[in-house]
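Engineer:
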Amino acid sequence: MTVVAERKHAAGQRPGWADEMAAILDAYKQAGGDPQSLQLPEVATLVISANDVLMAHEIPGVRFDAEPLEQGVKARILVEAGAKIERPVHLCFGVIPAEGVQEILAEYEIGEGAEAQFLAHCSFPNAVKVQHRMQAHIHVGKNASLTYTEEHFHGQSGGVEVLPRAEVRVEDGGRFITTFSLTRGRIGRMELDYQVEVGAGAVAEMTTKAYGYADDRVTVNEVVRLNGEKARGLTRTRVAVRDRALSGIFTTMEGNAPGARGHMDCTEVVRDSAEARNTPLVIVRDDQAQVTHEAAIGSVNRKELETLLARGLDEEEAVDLIIRGMIR
Amino acid sequence: MSQPLLLVEDFSLNRNGRQILSRVNLAVHPGQVHILLGLNGSGKSSLAFALMGCEGYAPESGRILFAGHDLTGLSITERARLGITLAWQEPARFEGIPIGKYVSLGMKEADQDKVSAALEAVAMPPKYYGFRPADRTLSGGERKRVELAAVFAMHPRLAILDEPDSGIDVLGLNDIAVLVRRMASGGTAILLITHRDEMVGVADVASLMCAGTILFTGSPSEARRYYATRCTPHLEALGSQPWDSSLPEVRQALASNGAERLPRKEG
């Protein structure tokens with residue numbers, strides 16, 4: 001069944017809808033979202049709880065097609081060519097029960113010359129054993145711009161596995177700016193895997209922020225291929241781990257065309273018995289391309305720390321402030 | 001004269017086998033602006049780090065007294081809580097920490113009006129800068145102004161300002177001078193470290209540092225006069241034995257190079 005989102009708010013369509021909506025909005029708030037914004041008629045909104053599309057509110061220039069799967073939802077999200085969407089499109093994904101699987105198969109099409117920002121919040125506040133799988137195909141058309149910000153909240157049990165996978169193509173002159181944050185509550189296990197192809201004069205900037213503790217596991221695999229002339233790529237990774245948490249950051253940047261410029265920037269702060277790894281891979285196939293990388297793995301920067309201590313903070317306060325700022 | 005707030009006695013510092021400071025003596029009095037003038041590499045910043053208690057700057061010998069407390073063995077935090085702070089020459093950058101928040105860190109109680117006043121004191125409009133991060137997006141001069149604002153907002157008993165004038169435009173120098181006097185009139189003693197003798201005018205007292213030791217403490221104008229020689233007589237006299245200035249032949253060389261014109265050290 002295809003749920004076409006011509007309908008506006010789907011309130012009252014079936015028994016229990018209101019309770020489920022209230023629960024997911026509460027979860028949305030815990031993930032950092034503002035439930036009020038989902039009620040605004042001028043804001044395009046898609047709300048999915050487990051495999052149920054609770055709300056699909058379109059606005060001119062933004063279309064949703066969503067159909068439930070056995071364990072999730074298949075969704076197509078279209079920003080029409082030339083559309084300039086003023087207010088961020090809000091997406092809310094969540095699982096309210098303690099156990100469950102949610103698979104989101106998503107296709108994002110940002111039409112030629114279109115501009116849009118997306119704010120996605122994924123919340124699993126009660127999770128004891130929840131798996132969230134995202135398989136996304138993102139196409140940013142010629143001279144189009146997509147800013148995609150995703151924030152997660154996984155509760156405190158550490159029982160969430162989150163596996164976001166995305167294949168992204170940014171056409172000539174396009175811009176793809178994305179930030180993925182998992183900095184509140186436990187992480188559980190997170191394996192992020194993004195593959196991005198960047199066309200001529202196009203830009204891809206990817207920021208990943210995570211704060212792991214207890215026995216959380218963070219893996220980030222990012223591959224950016226700068227295929228077009230003067231393509232630009234940047235990966236920024238900010239991860240803090242403490243207790244027995246583990247993080248592994250694997251970033252690859254390919255400079256495959258004249259004038260392509262890429263940079264990978266990774267900072268991982270390690271405390272207690274945690275462990276952090278960083279493996280940048282630089283591949284350049286054109287003698288006029290350039291890719292650079294920088295990484296700082298380990299304790300917080302001594303100078304930053306001493307600066308804050310000289311204001312009277314104790315070491316614990318200072319380290320916490322530095323980490324919170326870094327992953328903010 | 002009042003008792004010194006800061007008293008450095010025969011302080012020597014050796015780092016990685018290299019003598020950085022040799023028998024430094026220095027006194028800073030409450031509410032005084034004391035300028036420490038010296039060439040690049042003369043040991044001024046090392047003295048600042050040692051006073052603040054930074055890692056790797058523990059004394060080889062000598063001691064530092066602050067308001068009667070021996071600072072030996074005290075952490076940076078403990079020194080800061082006694083009322084000492086340092087504005088770094090190259091201030092650290094902080095991702096994700098808004099400037100307003102950063103400026104408020106040393107205040108006993110965060111007060112938005114005082115944060116705004118501190119930013120205005122360094123000519124940074126709070127509405128424009130307050131929520132910007134204190135990170136790499138700031139220019140060197142902007143970051144230094146933020147550092148001064150943070151020190152001003154903290155209202156410490158002793159502010160060590162390490163080259164607040166470097167990387168600042170000419171108009172900025174005047175702003176710094178005004179701010180320094182304002183802090184001093186509010187009761188903060190200032191140890192102003194610089195290699196620019198234009199800043200001498202702001203000081204009550206000057207010390208001249210060369211090759212890790214204090215050559216002279218006295219009036220700012222006299223210090224400036226000698227500094228115009230770029231300490232050449234002293235450096236030539238020291239030759240290859242910079243840490244044996246007590247040797248008779250070194251003393252003789254100092255005298256023959258005109259160093260006899262220098263006033264005697266204070267105390």
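If you're matching them up, the sequences are chains A and B in order.
Quick note: the first sequence uses the numbering used here, first residue 1, plus one each step.
Quick note: the second sequence uses the numbering used here, first residue 1, plus one each step.
Backbone N, C-alpha and C fix where the C-beta goes; we use that ideal spot for every residue, glycine too.
#1: Can you list, in chain order, the stretches of the beta strand (DSSP E) that have 3 or more residues and sit fully within the region 114-193 of chain A?
#2: Measuring alpha carbon to alpha carbon, tell me which residue in A:ARG169, A:ALA18 and A:LYS230 is nearest A:VAL223.
#3: Can you grab the Cα-Cα spacing for the pair A:ALA114 / B:GLY106, in whole Å?
#4: With DSSP run on the structure shown, which of helix, strand or coil describes A:LYS209?
#5: Quick check: is the beta carbon of A:LEU309 nearer than 7 angstroms to any beta carbon in chain B?
#6: Using only the alpha-carbon positions, how far apart do B:ALA159 and B:GLY186 sit?
#7: Inspect the beta-carbon positions of A:VAL73 and A:ALA44 and report whether they are closer than 7 angstroms.
#8: Identify, in the order they occur along the chain, each residue of the same chain with its Cβ nearer than 7 angstroms to the Cβ of A:ASP286, setting aside the five sequence neighbours on each side.
#9: Is it right to say B:HIS69 is buried, meaning 16 or more other beta carbons lie within 10 angstroms of its own, or is it exposed?
#10: Mind listing the chain B neighbours of A:LYS335? Cutoff is C-beta to C-beta under 7 angstroms, in chain order.
#11: For B:ILE193 versus B:GLU163, is the C-beta distance shorter than 7 angstroms?
#12: Does DSSP put B:SER45 in a helix, a strand or coil?
#13: Assuming B:PRO91 and B:ARG143 make a contact with CB atoms under 8 angstroms, what is their CB distance in whole Å?
#14: Identify the continuous alpha helix (DSSP H) that holds B:ILE64 and give its terminal residues.
#15: Anyone know if the C-beta pair for A:ARG242 and A:ALA276 falls short of 7 angstroms?
#16: What does B:CYS210 reach in chain A if we use C-beta pairs closer than 8 angstroms?
#17: Check for me: the alpha helix (DSSP H) holding B:PHE11 runs from which residue to which?
#18: Just to confirm, are A:GLY329 and A:ALA202 a CB contact at a threshold of 7 angstroms?
#19: Would A:ARG328 count as contacting chain B if we go by Cβ distances under 7 angstroms?
#20: Between which two residues does the alpha helix (DSSP H) containing B:MET154 stretch?
#21: Would you say A:THR183 and A:ILE327 are within 7 angstroms of each other, going by their C-beta atoms?
#22: Which residues in chain A have a C-beta closer than 9 angstroms to the C-beta of B:THR85? List them in chain order.
#23: Closer than 6 angstroms by C-beta to A:LEU192: which residues in its own chain qualify, once you throw out the five before and the five after it? Chain order, please.
#24: Return yes when the Cβ of B:LEU13 is within less than 7 angstroms of the Cβ of B:ALA50, no when it is not.
#25: Kindly say whether A:GLU107, judged by its beta-carbon, lies nearer than 7 angstroms to any beta-carbon of chain B.
#26: By Cβ distance below 6 angstroms, which residues in the same chain neighbour A:VAL178 in space, the five residues on each side in sequence not counted?
#27: Answer with buried or exposed for B:GLY140, where buried requires no fewer than 16 other C-beta atoms within 10 angstroms of its C-beta.
#28: Using 8 angstroms as the cut-off, can you tell me whether the region 304-320 of chain A makes contact with the region 93-107 of chain B, which would need three or more C-beta pairs spanning the two stretches below that distance?
#29: Since A:MET253 sits in a beta bridge, which residues does DSSP pair it with?
#30: Assign A:GLN131 to one of two classes, buried (16 or more other C-beta atoms within 10 Å of its C-beta) or exposed (fewer than that).
#31: What does the alpha-carbon distance come out to for the pair A:GLU268 and B:TYR226?
#32: For A:GLU205 and chain B, any beta-carbon pair shorter than 7 angstroms?
#33: Which of the three DSSP states is assigned to A:VAL62 in this structure?
#34: Quick test of the definition: if touching needs 3 or more C-beta pairs under 8 angstroms, does the region 39-53 of chain A touch the region 68-87 of chain A?
#35: By a C-beta neighbour count over all protein chains shown, 10 Å radius and 16 as the cutoff for buried, is A:ASN278 buried or exposed?
#36: Measuring only between beta-carbons, confirm whether A:GLU306 sits less than 7 angstroms from chain B.
Structural biologist: In terms of the structure at hand:
#1: You should have 115-123, 129-140, 145-153, 160-170 and 175-184.
#2: Comparing Cα-Cα distances from A:VAL223 to each of A:ARG169, A:ALA18 and A:LYS230, the minimum goes to A:ARG169.
#3: Between A:ALA114 and B:GLY106, the C-alpha separation is close to 47 angstroms.
#4: Strand at A:LYS209.
#5: For A:LEU309, the answer is yes, since a Cβ of chain B falls inside 7 angstroms of its Cβ.
#6: The alpha-carbon atoms of B:ALA159 and B:GLY186 are separated by roughly 12 angstroms.
#7: No.
#8: Closer than 7 angstroms at Cβ, skipping near neighbours: GLY255, ASN256, ALA257, PRO258 and ALA260.
#9: Counting Cβ neighbours within 10 Å, B:HIS69 comes out exposed, since fewer than 16 surround it.
#10: With chain A covering 1 to 328 only, the question about residue 335 of chain A has no answer from this structure.
#11: In contact: B:ILE193 and B:GLU163 (Cβ atoms closer than 7 angstroms).
#12: Of the three classes helix, strand and coil, the one that applies to B:SER45 here is helix, per DSSP.
#13: Sure, about 5 angstroms apart at Cβ, within 8 angstroms.
#14: Element bounds for B:ILE64: not the alpha helix (DSSP H) but the beta strand (DSSP E), 61-66.
#15: Cβ distance not < 7 angstroms, so A:ARG242 and A:ALA276 don't count as in contact.
#16: The contacting residues do not exist; B:CYS210 stays about 27 angstroms from chain A at best.
#17: B:PHE11 -> not in any alpha helix (DSSP H); beta strand (DSSP E) instead, spanning 6-15.
#18: Any property of residue 329 of chain A remains undetermined from this structure, which presents chain A solely from 1 to 328.
#19: At least one chain B Cβ lies under 7 angstroms of A:ARG328.
#20: In the DSSP assignment, B:MET154 falls within the unbroken alpha helix (DSSP H) covering 140-154.
#21: Closer than 7 angstroms, so yes.
#22: From the beta-carbon of B:THR85, the residues of chain A found nearer than 9 angstroms are ALA310, ARG311 and GLY312.
#23: These residues qualify, in order along the chain: PRO164 and VAL220.
#24: For B:ALA50 and B:LEU13, yes; Cβs fall inside 7 angstroms.
#25: Not closer than 7 angstroms to any Cβ of chain B, the Cβ of A:GLU107 fails to qualify, so no.
#26: Here the sequence assigns Thr to residue 178 of chain A, which means Val is not the residue at that position. In the same chain as A:THR178, and ignoring 5 residues on each side of it, the C-beta atoms closer than 6 angstroms to its own belong to TYR148 and MET206, in chain order.
#27: Per the 10 Å Cβ criterion, exposed.
#28: Judged by Cβ distances under 8 angstroms, the region 304-320 of chain A makes contact with the region 93-107 of chain B, as three or more pairs qualify.
#29: For A:MET253, which the question treats as bridged, DSSP gives the partners A:VAL224 and A:VAL282.
#30: Buried: at least 16 other Cβ atoms inside 10 Å.
#31: About 49 angstroms.
#32: Output row for A:GLU205: interface = no.
#33: Here A:VAL62 sits in strand by DSSP.
#34: Touching, per the Cβ criterion.
#35: Result: buried.
#36: It does: the Cβ of A:GLU306 has a partner Cβ on chain B nearer than 7 angstroms.
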